[in-house]
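One structure below.
Residue numbers (the working numbering): 1142 to 1320.
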């Protein structure tokens, strides 16, 4: 339903369309709805400076098309989507390097702690067996010391001769004990 305002013999819709009332309709003295004004007669419609004669059916089609033309579309524009993608890209560009750095630092610390545990185990074995510096430990002892310990970054541990620190194959990444 749409509201109408009367101006002499013309009816002006609030949307700006002027309609001349049918000649046999009679006088209108109050606001009425579209459906009460439209009869089976044809009448003229003005849009701007253009005048055309339409029927009741054509008027209803015009009325419904006016509603769709004036309705606001919902959704996102391309610019809005591009801005969101750019913000997400910026956050990812900052977050990923920080995540990788934190992971590498944690792996390095864990590896150094494992090397310290291997050194403590090696020193305990040397004291119990009264071995001297430079003595190479047997394969069975080495495997026993390394049980359950592995470099989280994928390196391999090497237990050196008595008096030397155990080492990791990732020395270049800082996976080493200092003397």
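Yeah, the Cβ is synthetic: ideal placement off N, Cα and C, and Gly gets one too.
Given residue i as reference, the closest of the options once Cα atoms are compared
| i | options | result |
| --- | --- | --- |
| residue 1302 | 1295, 1317, 1272, 1290 | 1272 |
| residue 1290 | 1280, 1276, 1268, 1251 | 1251 |
| residue 1247 | 1258, 1219, 1294, 1309 | 1294 |
| residue 1135 | 1230, 1263, 1307, 1238 | This structure leaves residue 1135 out entirely; the chain is present only between 1142 and 1320. |
| residue 1312 | 1270, 1238, 1253, 1258 | 1253 |
| residue 1292 | 1237, 1224, 1258 | 1258 |
| residue 1284 | 1214, 1217, 1307, 1316 | 1307 |
| residue 1280 | 1299, 1265, 1270 | 1299 |
Exposure label - residue i; buried when at least 16 CB within 10 Å
| i | result |
| --- | --- |
| residue 1261 | exposed |
| residue 1255 | buried |
| residue 1319 | exposed |
| residue 1231 | exposed |
| residue 1167 | In this prediction, residue 1167 scores a pLDDT of 46, lower than 50, which makes its location untrustworthy; the coordinate-derived value is nonetheless stated afterwards. Flag for residue 1167 reads exposed. |
| residue 1309 | buried |
| residue 1286 | buried |
| residue 1249 | buried |
| residue 1238 | exposed |
| residue 1149 | Bear in mind that a pLDDT of 38 at residue 1149, under 50, signals an unreliable position, so the number given afterwards is only what the model happens to contain. The residue is exposed, with fewer than 16 neighbouring Cβ atoms inside 10 Å. |
Per DSSP, cross-strand counterpart(s) of residue i
| i | result |
| --- | --- |
| residue 1273 | DSSP, once it has assigned bridges, lists no residue as partnering residue 1273. |
| residue 1299 | 1308 |
Contact with chain C by residue i, beta-carbon distance below 8 Å
| i | result |
| --- | --- |
| residue 1290 | Among the chains in the structure shown there is no chain C, since it carries only a single protein chain. |
Exercise. Is the region 1264 to 1282 touching the region 1295 to 1313 in the sense that three or more CB pairs, one from each, lie closer than 8 Å?
Worked result: yes
For this session: Let me know the alpha helix (DSSP H) ranges lying completely inside the region 1224 to 1293, each 4 residues or longer, listed in chain order.
Result: 1280 to 1287
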